[in-house]
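Take a look at the structure below.
Protein chains: 2
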Amino acid sequence: MYVPKKESNGSKELYDKVKEYMLRELIGTDNKITEEMLATRFQVSRTPIREVLKHLEHEGLIETRRNKGITFRSFSPEEVAEVYDVRSVLEGYAARLAAGEASDESIDELAGYMERYTAARADGDTQQAALIDSVFHEKLLELCGNTYLSDMAKNIRMVNKSLLLKDYYFSFHGDVNPYNHAMIVEALRNRDPQKAQRMVQKHINWSKKTILKILKD
Amino acid sequence: MYVPKKESNGSKELYDKVKEYMLRELIGTDNKITEEMLATRFQVSRTPIREVLKHLEHEGLIETRRNKGITFRSFSPEEVAEVYDVRSVLEGYAARLAAGEASDESIDELAGYMERYTAARADGDTQQAALIDSVFHEKLLELCGNTYLSDMAKNIRMVNKSLLLKDYYFSFHGDVNPYNHAMIVEALRNRDPQKAQRMVQKHINWSKKTILKILKD
DNA sequence: ACAGGGTAATATGTATACAATTACTATTAT
DNA sequence: ATAATAGTAATTGTATACATATTACCCTGT
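Note that the protein sequences, when read in sequence, are chains A and B.
Counting along the first sequence from 1, when you hit position 60 you're at 60 in our numbering, and nothing is skipped either side.
Quick note, our numbering runs 217 ahead of the 1-based positions in the second sequence.
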């Protein structure tokens, strides 16, 4: 798990830029990715690029095979299921903690994202909805009061999401998750840790099943 | 989380060697650690050393600050508590899965480590006991059937253990964990997921409290 | 036309040279 | 004697050159 330091090295910004570039423009395409290409694009030598790539590989986002270029890591359906199960456990636990830790104000803020999400879906803007969905879940993680936990869970979300990018967006065209954000927020408002945990876990497990159905085709 | 690949680069072996060296000979001492020193020791240039160090930093084992050398990452008592809580959740969940997934033979194997652990403690060989304790918990993790989970949990164990090394061994001189391996094994034998999870969580929470008591002094 | 081999092109792995930043030390002024 | 400062040493960050390994393609022989 990579936790960017405040007083970090100069390569921190490069890490962000390269990561964003790869996630925004390279993922899903057939473009071949090489160190040299990234180096020239960002006007640095291969050395710092390699360091960034090592980080991304460590996070589980990419794979490098000697002389074969860089590829986004591919997960089998079984591995996807594994990742979802871990997410479910960690985010569920975070929600449980949040029910006791979060301030009323931060729960209200979370509810704001919930409403924006619903609005985006109503508008049919699935891309915006997916973005807000991410923010909702990350904000929720931050409410748990355990930064080690939230950093780790965020990283898993990032990898999980990027790996399933196409399918992820596609899933929005299907059924609506019956265990929705409103239920999670309600459990938090009621200060009901058990229910908050259960709702998040059901929420994620539903996504898992939906994704797996798509992947199995 | 770093998961060494089979068909990996040549730096994989170097990673293992450097890590073992640092954990065995450098941790706990005041020796200054520099890239150059590691490079000359392992007869390679700084380049592959830096890659290894990036991995170790990413895992949370070390910290690097420009021109100040490499230091083992230090955790505040609050952060230690956070890590233990995450461990408790992940390993508890793994135990729950293991109660359903593990074969009778593998549970017997686990019981073997339990007995060896008890014997080592009876002999007063705390170092050996700590080693077997580690193996017990790692084997348990492997029984859950979710390699993503077990790899992640193992990494946390490694970091957790190394960071507390002195205190860790020291804790063996104190009270004995009342939620012991035997109870965990029994729950697995009874195929009782709930109890297996609960026992592991209590086991780890007890360690957390014991460590924190020591750290607070 | 096709199989096979060998060579060139390509890409990563590693070493070395250099730049930049921090730490240390000695010297000088007050 | 102490504090400020400049200059030097030490250490990491980056660029470049070279080594190694893989791929691609052409060329040749049947």
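Note that CB positions come from ideal geometry on N, CA and C, so glycine has one too.
request  = Answer with buried or exposed for Glu91 (chain A), where buried requires no fewer than 16 other C-beta atoms within 10 angstroms of its C-beta.
outcome  = buried
inquiry  = If I measure Cβ to Cβ from Ala316 (chain B) and keep anything under 7 Å in the same chain, skipping five residues before and after, which residues do I get?
reply    = Ala404, Leu405, Arg408, Asp409, Pro410, Ala413
task = Show which residues of chain B have a CB atom less than 8 Å away from the CB atom of Asn146 (chain A).
result = Glu299, Asp302, Val303
key: Short Cβ contact (8 Å threshold) for Ile250 (chain B) with Gly286 (chain B)   = yes
ask   = Given Phe75 (chain A), which residues of its chain have a CB within under 6 Å of its CB, disregarding the five upstream and five downstream residues?
value = Leu163
message = Buried or exposed for Gly124 (chain A), going by 16 or more other Cβ atoms inside 10 Å?
response = exposed
task = Along the beta strand (DSSP E) that carries Ile421 (chain B), what are the first and last residues, could you check?
result = Run containing Ile421 (chain B): none in the beta strand (DSSP E); it sits in the alpha helix (DSSP H), 410-432.
message = Less than 6 Å between C-beta atoms, sequence neighbours within five positions excluded: which residues of the same chain meet that for Ser106 (chain A)?
response = Leu143
query = Applying the criterion that 16 or more other CB atoms from any shown protein chain within 10 Å of the CB defines a buried residue, is Thr281 (chain B) buried or exposed?
reply = buried
CA-to-CA distance, Ser367 (chain B) to Arg50 (chain A), given in whole angstroms = 28 Å
ask   = Of all the CB atoms in chain B, is at least one closer than 8 Å to the CB of Tyr93 (chain A)?
value = yes
key: Proximal residues of chain B, C-beta to C-beta of Glu138 (chain A) below 9 Å   = Correct list: empty, because the minimum Cβ distance to chain B is about 17 Å.
key: Cross-chain neighbours of Glu79 (chain A) in chain B, by beta carbon under 9 Å   = Neighbours of Glu79 (chain A) on chain B, chain order: Thr364, Tyr365.
Nearest candidate by alpha-carbon position, reference Arg96 (chain A), set A:Thr210, A:Ile184, A:Ile211 = That would be A:Ile184, whose Cα lies nearest to the Cα of Arg96 (chain A).
ask   = In three-state terms, what does DSSP make of Ile287 (chain B)?
value = Ile287 (chain B) falls in the strand class under three-state DSSP.
task = Please list the partners that His398 (chain B) has in chain A, where partner means a Cβ-to-Cβ separation under 7 Å.
result = Correct list: empty, because the minimum Cβ distance to chain A is about 23 Å.
task = Look at Tyr113 (chain A) and Lys139 (chain A) and say whether their C-beta atoms are less than 8 Å apart.
result = yes
message = With a threshold of 8 Å between beta-carbons, can Val417 (chain B) be considered close to chain A, or not?
response = no
message = Mapping the DSSP letters down to three states, classify Thr126 (chain A) as helix, strand or coil.
response = In the three-state reduction of the DSSP assignment, Thr126 (chain A) falls in the helix class.
request  = Name, please, each residue of chain A whose Cβ falls closer than 9 Å to the Cβ of Lys271 (chain B).
outcome  = Glu51, Lys54, His55, His58
request  = For Ala339 (chain B), count neighbouring Cβ atoms within 10 angstroms of its own Cβ and tell me buried if that reaches 16, exposed if not.
outcome  = Exposed, by the Cβ-count rule.
ask   = Which residue comes first and which comes last in the alpha helix (DSSP H) that contains Thr40 (chain A)?
value = 35-41
task = State the start and end residues of the unbroken alpha helix (DSSP H) segment that holds Ile219 (chain A).
result = The question about residue 219 (chain A) has no answer here: the residues shown for chain A are numbered 1 through 217.
message = Which residues does DSSP list as the beta-bridge partners of Ile62 (chain A)?
response = A:Phe72
key: the region 294-309 of chain B contacting the region 256-274 of chain B, beta-carbon criterion three pairs below 8 Å   = For the pair of segments examined, the region 294-309 of chain B was found not to touch the region 256-274 of chain B: the number of CB pairs separated by less than 8 Å stays below three.
task = Would you give the residue range spanned by the alpha helix (DSSP H) that Ile184 (chain A) belongs to?
result = 181-189
Continuous beta strand (DSSP E) assignments of at least 3 residues falling wholly in the region 108-153 of chain A = none
request  = State the start and end residues of the unbroken alpha helix (DSSP H) segment that holds Pro294 (chain B).
outcome  = 294-318
inquiry  = Out of B:Val261, B:Ala337, B:His398, B:Ile431, which one is the CA nearest neighbour of Phe353 (chain B)?
reply    = Across the set B:Val261, B:Ala337, B:His398, B:Ile431, the C-alpha of B:His398 shows the shortest separation from the C-alpha of Phe353 (chain B).
key: Span separating the alpha-carbon of Glu296 (chain B) from that of Gly145 (chain A)   = Spanning the two alpha carbons is a distance of roughly 11 Å.
inquiry  = Which residue marks the beginning of the alpha helix (DSSP H) containing Leu243 (chain B), and which one marks its end?
reply    = Neither: Leu243 (chain B) is in no alpha helix (DSSP H) and is coded neither H nor E.
query = If the cut is a Cβ gap below 8 Å, which residues of chain B does Leu90 (chain A) touch?
reply = Val303, Val306, Leu307
inquiry  = Which same chain residues end up closer than 8 Å to Lys419 (chain B) when comparing Cβ atoms and leaving out the 5 residues on each side of it in sequence?
reply    = Tyr396
ask   = Under three-state DSSP, which class holds Lys17 (chain A)?
value = helix
task = Determine the DSSP secondary structure at Leu381 (chain B), reduced to helix, strand or coil.
result = coil
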